[in-house]
Structures are given as structure tokens and as C-alpha cells.
Amino acid sequence: MARTDVQLMLDVKAGDEQSFALLLHRYRTPLVNFLYRMVRNREQAEDLAQEVFIRVYRARADYVPSAKFTTWLFRIATNLALNSVRDTRHQRMEVSLDAPVTVDSEEGDERRIDVAEKNPNIEEHLVQEAQRDMIRHAIDKLPEKQRAAVLLHKYQELDYGEISKILSCSESALKSLLFRAYETLRVELAPLVALRAKN
Amino acid sequence: MSCTRMETRLLGYIDGRLKESEQREMEKHLAACPACTVRVNEFRSVSSLLDELPQIEPSAAFDVRVRARIAAEPVKQNWWSWVGAAPRVLVAASMLLLATVWVGHRPADNANMASSNSGDETQIMQDQDLPVLENYDVLANFEPLTELSQADSTDDSSEQEM
Numbered sequence: 001m002a003r004t005d006v007q008l009m010l011d012v013k014a015g016d017e018q019s020f021a022l023l024l025h026r027y028r029t030p031l032v033n034f035l036y037r038m039v040r041n042r043e044q045a046e047d048l049a050q051e052v053f054i055r056v057y058r059a060r061a062d063y064v065p066s067a068k069f070t071t072w073l074f075r076i077a078t079n080l081a082l083n084s085v086r087d088t089r090h091q092r093m094e095v096s097l098d099a100p101v102t103v104d105s106e107e108g109d110e111r112r113i114d115v116a117e118k119n120p121n122i123e124e125h126l127v128q129e130a131q132r133d134m135i136r137h138a139i140d141k142l143p144e145k146q147r148a149a150v151l152l153h154k155y156q157e158l159d160y161g162e163i164s165k166i167l168s169c170s171e172s173a174l175k176s177l178l179f180r181a182y183e184t185l186r187v188e189l190a191p192l193v194a195l196r197a198k199n
Numbered sequence: 001m002s003c004t005r006m007e008t009r010l011l012g013y014i015d016g017r018l019k020e021s022e023q024r025e026m027e028k029h030l031a032a033c034p035a036c037t038v039r040v041n042e043f044r045s046v047s048s049l050l051d052e053l054p055q056i057e058p059s060a061a062f063d064v065r066v067r068a069r070i071a072a073e074p075v076k077q078n079w080w081s082w083v084g085a086a087p088r089v090l091v092a093a094s095m096l097l098l099a100t101v102w103v104g105h106r107p108a109d110n111a112n113m114a115s116s117n118s119g120d121e122t123q124i125m126q127d128q129d130l131p132v133l134e135n136y137d138v139l140a141n142f143e144p145l146t147e148l149s150q151a152d153s154t155d156d157s158s159e160q161e162m
């Protein structure tokens, strides 16, 4: 039977390096994805995710399971992400509409696509990618705390209690935050929402 | 339930995280409020659109980088760690400490040893004489000592004759 996060972390505290490797394997993908959706830069997301694991490792001697491990882990990640977003806000470049269209495949590789191609599969792919860009852009436009709340709620499936601890707010404040975020997304993604309603 | 009050429960309703009583209250409100029903459906569409974002995989070097950074972390040492690392040092230090304690508690000279052998009474008497012996004026005018000095000079002269 797989050990729980708390059991693994207590084993790390006792000096078991293998337990840390298991935690790393278990949470690297969710962490990288959360951070990527927060900072919108893959390299930066991986650097921040590494920093999260290093801080967990450094804190191992003093670890006390007073809260869920995911609460602690994502609290570190959220704080790092919020600091990073605020630090680099002025450095973020807007994508020019004249720039060549690039596509992120599921493996993370980028391919340059010639928009003049008449291949219907490519067109369908372009439409799908344009929709994804619209969704990403809508998330990007959210204030940082609303963005973090949506990402933790939607993609990490954390409960309201956990998210409120991560964001250092009350549960009622969190629910209000989430409601405003979804309301903004509803407006930003209105064309796609309408399309979905038709289907 | 008013529309405003429904707002904070809307996502919980969509997620299925409301208590049974709250769920029933929401459904009752939605049955009578077309605007909130549209909002619920649109929030569900937004949630479904968010599902379309693909997940990315960490790069192949991610784990290696984490391990490299951990390996570069300074090793935390507590004051017990040198005990395990150098038992000979511990033994030598212990012997030195014992030797220091033994030297510190060893008797100072033979006179003290003699007095201690004659018992507590003699020791008490010696302690009482100490203030007198330290007073030079008393010693200078002490008749038995003046007689003693005369006796010494007489003995010395008789020895020389022998």
C-alpha cells in the first residue's frame, strides 16, 4: 500500500532520501503545471518548482504534520509564483499578431506552422490552439490571487479549506474570490461559452 | 434564497460540494430564477473550457537538477555528530577531563597530610591558630619565640665545638 504524503515526509525527516524521491515524482507534474499557468513561462515554472522542492527538503528537520502536505507544498508554490509574477510583470512582452504562429505540442515541443496550408487537420488544429490561447489569455488577465484560486480549485482539486489556507484568507473570502474570477472568465470567454451552449 | 446569497454557493453547487440542505435550497432557487440558471450553465461551460488546457510534462532534466541542488546543500551538523565521526577523540577528551579532575582534587602538601592523619581535633586547632600566625606584631613579641632564638644560638655554638 502506498505511503501517504505525511508518512513519506516523516521518513524524509528521518533521513530517507528515497522517500523524498517518491514525493518529487508524485508532485513534480502538478507543481510545474500550476506554476506554468501562473507565470506563463516554462523555464521559469521549472525553476520555481525546483525551488519548492528545495525548500521542502531544507525544512525536513523541522517538519510537523500540522496541515495537509499539499497545503504546505502549494502554499510555498503560490508565494513563489506571486512574487515572481509581481517581479516580472514589467518584463512580460505582448505577442505580436504579425509573429509566426507557433504551436506547443503535448510533449512541449514547438513547431512553426504555415498558416497558408490548406490541410483541414492543420486548420482544425489551429482553431483548437487559438481557443486554448484565448483560455490562457483569459486566465492571464485575472488578478494574481484570483488566478491562483482558480488554478488551485480547478486543476489541483483542492477543497475550499485548503485553498483558503494557501491564500491566507477565510473560506467565505475565497468563495467570493472564486465567484469573481469565474464571472470574469465567463465574460472573457463569452464567444466560446456561447459556442458550447449551442452544442 | 436571494441571487446574491446564491453567488457564494454557485461553485460549490457545480462541484457537488454543498450539504444536502444547501443543495435543495439552490435547486429551489434555480427553478424560479432563469438568470441564475443561465449563470450556472455558463459557469459550467467555463469549467469545461478550462479542462481543455493540456497538461505539460516536466523536462527530462528536472529531477536531475533537483538532485544536484540538494547535493549542493550544506550538510547540517549537530554537536552530536562529531562523536560518531571520531570516537578516539571522545576517548582522549574523556581521559583528559578525568585527569584534570583528579589533579584538581589531589592533596596540596605533606603537612596537610600529617594534620589530616592526626584527626579532626588537630585540624580545628590549626585552623584556630592561623589568625595568630598571620599577625607579625604578636609573633615579634611572643616570649617563647624569643627564648627559642636564644636556645638555637646556644645549640649552634655547642655543635661547632664538636
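Those protein sequence lines, which keep their order, are chains A and B.
Going by the numbering used here, the first sequence opens with residue 1, and the numbers climb by one from there.
Going by the numbering used here, the second sequence opens with residue 1, and the numbers climb by one from there.
All residues carry an ideal CB built from backbone N, CA and C; glycine is no exception.
Given the structure is predicted, the values throughout are model-derived calculations rather than measurements.
Residue 3/B carries a helical assignment under DSSP once its states are collapsed to helix, strand and coil. Cβ neighbours of residue 27/A within its own chain (closer than 7 Å, five residues either side excluded): 73. The three-state reading of DSSP puts residue 38/B in helix, counting H, G and I together. If the five residues before and after residue 30/B are omitted, its C-beta is found closer than 7 Å to the C-beta atoms of 36, 37, 40, all from its own chain and listed in chain order. Counting along the chain, residue 54/A sits inside the alpha helix (DSSP H) bounded by residues 42 to 58. Here residue 12/B carries a helix assignment [DSSP, helix/strand/coil]. In the DSSP assignment, residue 63/A falls outside any alpha helix (DSSP H), carrying neither H nor E.
Assigned with DSSP and collapsed to three states, residue 160/A falls in helix. In terms of Cα proximity to residue 78/A, the closest of 136/A, 66/A, 33/A, 61/A is 33/A. A straight line joining the alpha-carbon of residue 147/A with that of residue 182/A spans about 10 Å. In the structure shown, residue 4/A adopts coil according to DSSP, grouped into three states.
Distance from the Cα of residue 3/B is smallest, within the candidate group 24/B, 91/B, 34/B, for 34/B.
Fewer than three beta-carbon pairs drawn from the segment 34 to 42 of chain A and the segment 13 to 21 of chain A are found closer than 8 Å, and the two stretches are therefore not classed as touching.
Around the beta-carbon of residue 153/A, 16 or more other beta-carbon atoms lie within 10 Å, marking it buried.
Residue range 17 to 39 is occupied by the alpha helix (DSSP H) that includes residue 30/A. Residue 187/A counts as exposed, since fewer than 16 other C-beta atoms from the protein chains shown sit within 10 angstroms of its C-beta. Secondary structure note for residue 52/B: it is in no alpha helix (DSSP H), with a DSSP letter that is neither H nor E. The beta carbon of residue 100/B sits no closer than 9 Å to any beta carbon of chain A.
In the three-state reduction of the DSSP assignment, residue 122/A falls in the helix class, which pools H, G and I. The contact set of residue 37/B on chain A, defined by CB atoms closer than 7 Å, is empty, because the minimum CB distance reaches about 12 Å.
Taking each of 67/A, 84/A, 70/A, 57/A in turn and checking the Cα distance to residue 71/B, the smallest one comes out for 57/A.
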